[in-house]
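These notes are about the structure you will find just below.
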Amino acid sequence: MRTILLFLLFASLPAMAQVYTYVDEEGNRVFTDRPKPGNAERIELAPSNGMTAQPTAPAVLPPAAIPRELGYQVLRILVPEPDATLRDMEGNLIVTAMSEPGLRDGHSYRLVLDGKPQGEPGRSPVFPITNLDRGTHQLAVEIIDDKSRVIERTPNQPVHMMRISLAQKRQARPCQKDDYGVRPECPLKDKPKEPDKGIIGILPFF
């Protein structure tokens, strides 16, 4: 690493500067502007106006960098539909994706929610989400390789979550006698009491 940094440093010098290299007693490659008698070699440098920083490798591979036999023609989210409005009291949601061709060896699906990867990548294109906050969220699905590089990615797709309260569910579907203790919006404590038949209800047994 030190050798590379030294080389880049000298590469930024004006064209008139002289740079020499040699191998020291410990076997390390050395770059210097002072020639060492014996085994130093002069390096010819091209003129340069300065040294620019190398760009960081993108997280998403450009299409030209993906071999044709490893690419995908289609990757899209099947469920939910774009801009869908969902109503669920607990904020549960299942995202389903598909690709053409099917997932290749060494590749995995990954769900991205509001710009953040969710869970571990896997071979299944079905992603269950629980306790999603109410409001609008952005969904995307990626295909990544065994080096965690993004091979393919869907556009962000909005979904709107409306978490229904128990009272709203109860209003939409009133509780029946057999619902108490079964449906969450119909707790057993709210079940109407059976009418007290009193002594009249006992007489038939005699």
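Under mature numbering (1 follows the signal peptide of the UniProt record, and there is no 0), the residues of the sequence shown are numbered -17 to -1, 1 to 189, in order.
Heads up, the beta-carbon is just placed ideally off N, CA and C, and yes, glycines get one too.
- request: State the CB to CB distance for the pair L53 and H143, rounded to an integer number of angstroms; the pair is presumed to be in contact (CB under 8 Å).
  value: Against the sequence shown, residue 53 aligns to sequence position 70. Against the sequence shown, residue 143 aligns to sequence position 160. Actually they are not in contact, since the Cβ atoms of L53 and H143 sit about 35 Å apart, beyond 8 Å.
task: Can you grab the Cα-Cα spacing for the pair Y163 / K176, in whole Å?
output: Start at 1 with the first residue of the sequence shown, and residue 163 comes out as number 180. Start at 1 with the first residue of the sequence shown, and residue 176 comes out as number 193. Cα to Cα, the separation comes out at about 12 Å.
- request: Return the chain-ordered list of same chain residues with a C-beta closer than 6 Å to the C-beta of N114, the five sequence neighbours on each side being excluded.
  value: Taking the sequence shown and counting its residues from 1, one reaches residue 114 at position 131. Within the same chain, N114 has close Cβ partners G74.
message: Please classify A150 as buried or exposed, where buried requires at least 16 neighbouring CB atoms within 10 angstroms.
response: For the purposes of this step, residue 150 is taken as residue 167 along the sequence shown, with counting starting at 1. Counting C-beta atoms within 10 angstroms of its own C-beta, A150 has fewer than 16 neighbours from the protein chains shown and is therefore classed as exposed.
query: With a Cβ-Cβ cutoff of 8 Å, do D88 and I147 count as a contact?
result: By one-based count along the sequence shown, residue 88 stands at place 105. By one-based count along the sequence shown, residue 147 stands at place 164. In this structure, I147 does not lie closer than 8 Å to D88 by Cβ.
message: Quick check: what's the CA-CA separation for R153 versus E125?
response: By one-based count along the sequence shown, residue 153 stands at place 170. By one-based count along the sequence shown, residue 125 stands at place 142. Roughly 39 Å separates the two Cα atoms.
CB contact flag (T137, I77, <8 Å): For the purposes of this step, residue 137 is taken as the residue at position 154 of the sequence shown. For the purposes of this step, residue 77 is taken as the residue at position 94 of the sequence shown. No, these two residues do not count as a Cβ contact at 8 Å.
- request: Buried or exposed for S82, please, with buried defined as at least 16 other CB atoms from any protein chain shown within 10 angstroms of its CB.
  value: Indexing the sequence shown from 1 puts residue 82 at position 99. In this structure S82 is buried. Its beta-carbon is surrounded by 16 or more other beta-carbon atoms within 10 angstroms.
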